[in-house]
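Peer 1: Below you will find the structure I want to go over with you.
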Amino acid sequence: MSWNADRAKLRIGEHLKTVPEVDRKVALDSATLAKRGLLSRMPLSEAFVVEGAHLYGQLLDFEDLVADEGQETESAHRRLLRFLNMHYRVWDSIVDGDDGDRVDYHGARLHAVVTSPVGDPAAQIERAVALARKLTEAARKVGSAHGFPSRIRFGIDHGKCVAMTTGRGAHEKDTLFLGRPANHAAKLVASGSEQGIFLTDTAQNRVGAGAVRKHAGKMTLDEAYVQIAARKYPFEKLDRTATEIALDPSDPMFRFKRPTLPLSTVKFSELSPANSIRMGMASIFADIDGFTNFVDQSILGGSEKIREAVKIVHVIREELNSVLKEDFGGKRVRFIGDCIHGCVAEGERVDDAAKSVREAALCASAMRSSFDLCLEIVRSDAAIDLAVGIEYGPTPMTRLGHRGDDSVRCAASRATIEAERTQQAIEHGGVRLGAVAAAIADPAVRKHFSAGQLMSFDSASDLLWTAQAPAVQILRSEPAARSHAAPRKSSRR
947 MSWNADRAKL
957 RIGEHLKTVP
967 EVDRKVALDS
977 ATLAKRGLLS
987 RMPLSEAFVV
997 EGAHLYGQLL
1007 DFEDLVADEG
1017 QETESAHRRL
1027 LRFLNMHYRV
1037 WDSIVDGDDG
1047 DRVDYHGARL
1057 HAVVTSPVGD
1067 PAAQIERAVA
1077 LARKLTEAAR
1087 KVGSAHGFPS
1097 RIRFGIDHGK
1107 CVAMTTGRGA
1117 HEKDTLFLGR
1127 PANHAAKLVA
1137 SGSEQGIFLT
1147 DTAQNRVGAG
1157 AVRKHAGKMT
1167 LDEAYVQIAA
1177 RKYPFEKLDR
1187 TATEIALDPS
1197 DPMFRFKRPT
1207 LPLSTVKFSE
1217 LSPANSIRMG
1227 MASIFADIDG
1237 FTNFVDQSIL
1247 GGSEKIREAV
1257 KIVHVIREEL
1267 NSVLKEDFGG
1277 KRVRFIGDCI
1287 HGCVAEGERV
1297 DDAAKSVREA
1307 ALCASAMRSS
1317 FDLCLEIVRS
1327 DAAIDLAVGI
1337 EYGPTPMTRL
1347 GHRGDDSVRC
1357 AASRATIEAE
1367 RTQQAIEHGG
1377 VRLGAVAAAI
1387 ADPAVRKHFS
1397 AGQLMSFDSA
1407 SDLLWTAQAP
1417 AVQILRSEPA
1427 ARSHAAPRKS
1437 SRR
């Protein structure tokens, strides 16, 4: 099956029926947060505005473990997944805690949010700083015990975000925080390779007196402030979990098998360390460019504007997922804010790298066409665009961390790293292939998708001469339109 405009319109109509509701009183207070269990149990049918400190953590040694002497072998991927599983188990201990909740894991990144005490930004940031220090200490403890590096970089911002949950089934849901604080904390943590705890300018302006000082020409957290915060908020469950993991000599055994295609038939609920999949995949990161600013303006505009933003992002995300899964047989790994990460693969017995990249490129163009249809149908003139990065390479998929419903969906490889990095390098929408994808792509795909504007599906189909291309359909129905067709014989005598 491939993309079709009529089918996409029908799907978008169905997505509109499931848009989360936005109550007039869109801000959640601390009592409501505690009662509902902010993240893990947020209802699918509602969206809220939540104020808090957003904490991003990045495992700095992640990329060094992806390959063994430059090669992404099964052994290297087993070690990489053991490394992530160890840290995920530590991070899992903050779920449903009093001071922080897990929001999202993505590869080597953790995103947590601190929401109490309500109305006290300085105290929320202080709790986030304490959590970052405790996570750093826990990583050193378990890393030393199990022979893994443990350097972590943290970024913290503060403010209001729109929070909502999307997806169906225990292993397919994602809780999302959309807006400046989550976005800026993520950018801060990705902007350098120095370990430590760093605050955005906004967080620095809202933190308590004496928390930051000037050092070597830049503002940094005062170590005395960090130590006081860590004593004030001990996160004892985190310490206990780290000690237990450090003393536990057992490690999960990761076993890989080749999945039955299409990838859309893979069920994360059936994956585990002992039942993981691995093959060559094209990794796709599709991001809604400009959406953070749109959400920020919507929050300032009140409930009606927030309702519009929620509708737009819900419909677009669900339709991009439908394009990936239903039209191209791909598998969504997760939604990350206003971005979708998924994979497509071709080759029943042997990896077909060129065809995988070709299908990923066509999928990106189909996403472009569906994106435009979404804006047309919801009648939005939002200044947003679609940016898609694609990279190819051997990639494992599995679930990590706690067993059961709280386990984390994971696809981790050099391809997933570079696909996201490639997407982030795009300005104001477009498409770009990573270095490996560009090298193995057929000439037509390389010419039209290496970097530049993201064309519609019909245009891409014509240029790549697919069976669904309008030009191909015309030639099939009108043979005389072919350039090499013999002239029709005259019927006159």
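Numbering (the working numbering), first residue to last: 947 to 1439. Beta carbons are placed, not taken as given, at the ideal position from N, Cα and C, and that holds for glycine. In this text, all values refer to a predicted model and were calculated from it rather than measured experimentally.
Can you give me the C-alpha to C-alpha distance between Leu1122 and Ile1245, rounded to a whole angstrom?
Peer 2: Straight-line Cα distance between these residues: approximately 15 Å.
Peer 1: Should the region 1266-1279 be called in touch with the region 1205-1217, which here means at least 3 C-beta pairs below 8 Å?
Peer 2: Contact between the region 1266-1279 and the region 1205-1217 is present, because at least three Cβ pairs lie under 8 Å.
Peer 1: Just list the residues that DSSP pairs Cys1289 with in beta bridges.
Peer 2: DSSP lists Ser1229, Lys1277 as partners of Cys1289.
Peer 1: Which class does Thr1111 belong to by DSSP, given the choice of helix, strand or coil?
Peer 2: Of the three classes helix, strand and coil, the one that applies to Thr1111 here is strand, per DSSP.
Peer 1: Which stretch, first to last residue, makes up the alpha helix (DSSP H) that contains His1092?
Peer 2: Start and end: 1067-1092.
Peer 1: Buried or exposed: where does Leu1193 fall if 16 or more other Cβ atoms within 10 Å of its Cβ makes it buried?
Peer 2: With fewer than 16 other Cβ atoms within 10 Å, it is exposed.
Peer 1: Following the continuous beta strand (DSSP E) through Pro1340, name the residue where it begins and the one where it ends.
Peer 2: It spans 1331-1346 - the beta strand (DSSP E) in which Pro1340 sits, taken as one unbroken run.
Peer 1: Excluding the 5 residues flanking Ser991 on each side, which residues of the same chain have their C-beta closer than 7 Å to its C-beta?
Peer 2: Counting only Cβ-Cβ distances below 7 Å, and skipping sequence neighbours, we find Pro966, Glu967.
Peer 1: Per DSSP, which residues does Val1060 bridge with? Please list them.
Peer 2: Answer is Ala999.
Peer 1: Whole-angstrom Cβ separation of Ala1188 and Lys1087, contact assumed at under 8 Å?
Peer 2: Rounded, the Cβ-Cβ distance is 5 Å, consistent with contact.
Peer 1: Throw me the rounded Cβ distance for the Met1227 and Ser1302 pair, which I believe falls under 8 Å.
Peer 2: Confirmed, about 7 Å.
Peer 1: Around the C-beta of Leu956, are 16 or more other C-beta atoms found within 10 angstroms, so that it is buried, or is it exposed?
Peer 2: It counts as exposed.
Peer 1: Checking the sheet assignment: what are the DSSP bridge partners for Phe1144?
Peer 2: DSSP lists Gly1101 as partners of Phe1144.
Peer 1: Which two residues bound the contiguous alpha helix (DSSP H) that contains His1130?
Peer 2: Where His1130 is concerned, the enclosing alpha helix (DSSP H) stretches over 1126-1136.
Peer 1: Check each candidate in Val1012, Ala1310, Val1108, Arg1360 and name the one with the smallest Cα separation from Gly946.
Peer 2: Absent from the structure is residue 946, since the part of the chain shown begins at 947 and ends at 1439.
Peer 1: Just confirm the distance between the C-beta atoms of Ala1371 and Arg1378, as a whole number of angstroms; I'd bet it's less than 8 Å.
Peer 2: With 8 Å as the limit, Ala1371 and Arg1378 qualify as a contact, their Cβ atoms being about 7 Å apart.
Peer 1: By DSSP, does Gly959 sit in helix, in strand, or in coil?
Peer 2: In this structure, Gly959 counts as helix in the three-state DSSP scheme.
Peer 1: Would you kindly check if the distance between the Cβ of Asp1352 and the Cβ of Asp1038 is under 9 Å?
Peer 2: Cβ atoms of Asp1038 and Asp1352: closer than 9 Å.
Peer 1: Considering only DSSP beta bridges, list what Ala993 is partnered with.
Peer 2: BP columns for Ala993 point to Val968, Met1110.
Peer 1: My assumption, with CB atoms under 8 Å, is that Ala1149 sits in contact with Gln1004. Please give the rounded CB distance.
Peer 2: Their Cβ separation, rounded to whole angstroms, is 17 Å, which puts Ala1149 and Gln1004 out of contact at 8 Å.
Peer 1: Roughly how many angstroms lie between the CA atoms of Tyr1179 and Ala1076, to the nearest whole one?
Peer 2: For Tyr1179 and Ala1076, the distance between alpha carbons rounds to 6 Å.
Peer 1: Can you find at least 3 beta carbon pairs, one from the region 1140-1156 and one from the region 1086-1103, that sit closer than 8 Å?
Peer 2: Segments in contact, yes.
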